[in-house]
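Reviewing the structure listed below.
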Amino acid sequence: MLRSRSSVFVLLALGLGGSGCYAPNHQPVITAGPRPLGSPSTVGGLKFEEGTVIQLQLEVKDADDDEIFYLWSQVPVNPAGTFSSTTVGTPTWTVPPPPENPNQAIHLNVEVKDGNGGVLLGQSPDIYVIPKQ
């Protein structure tokens, strides 16, 4: 008598890494700044003498506790001030020589990212450069 053997294979598809449900990412929020630390709020902007080193203030919260990444820039780019670092939350910035037009304001901008798609842009108040005496 011949015996036949049958095998039955059961394949289970398992979802790796969770159930497929996820919480949406929350955008970071700027709670203070960007502005020079200790600078008063003024209607006409802030005035600093060229060559002054200014500590910048920026406070950011992220509801997801994601790591935060920063990118600072200056507009207009000339005359150029100097950031101690463009990739930290609270760099210093050295005030450049005055622009040709004394009424030309400088803005310090910061792009804040949380690494999960949340992006936020911040801008300082108007900054005016006073020639060194």
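Under mature numbering (1 follows the signal peptide of the UniProt record, and there is no 0), the letters of the sequence shown match residues -23 to -1, 1 to 110, in that order. By construction, the Cβ of each residue, glycine as well, lies at the ideal position given by its N, Cα and C atoms.
{"Query": "Cutting at 6 angstroms between CB atoms, please list the residues of its own chain near L14, excluding the five before and the five after it.", "Result": "Q32, Q34"}
{"Query": "Nearest-angstrom Cα distance between I104 and K24?", "Result": "6 angstroms"}
{"Query": "Step through the CB atoms of chain D and report whether any lies within less than 7 angstroms of the CB of E44.", "Result": "Of the chains in the structure shown, none is chain D; there is only one protein chain."}
{"Query": "Just tell me which of P5, A(-1), P108, K109 has its CA closest to the CA of F46.", "Result": "P5"}
{"Query": "Out of curiosity, what's the CA-to-CA distance linking V65 and A(-1)?", "Result": "28 angstroms"}
{"Query": "Between the alpha carbons of I7 and P102, how many angstroms are there, rounded?", "Result": "14 angstroms"}
{"Query": "Using the C-alpha atoms, what's the distance from D42 back to N78?", "Result": "43 angstroms"}
{"Query": "Quick check on V30: does DSSP put it in helix, strand or coil?", "Result": "strand"}
{"Query": "Which whole-angstrom value describes the C-beta separation of V52 and N86, a residue pair presumed to lie in contact below a C-beta threshold of 8 angstroms?", "Result": "6 angstroms"}
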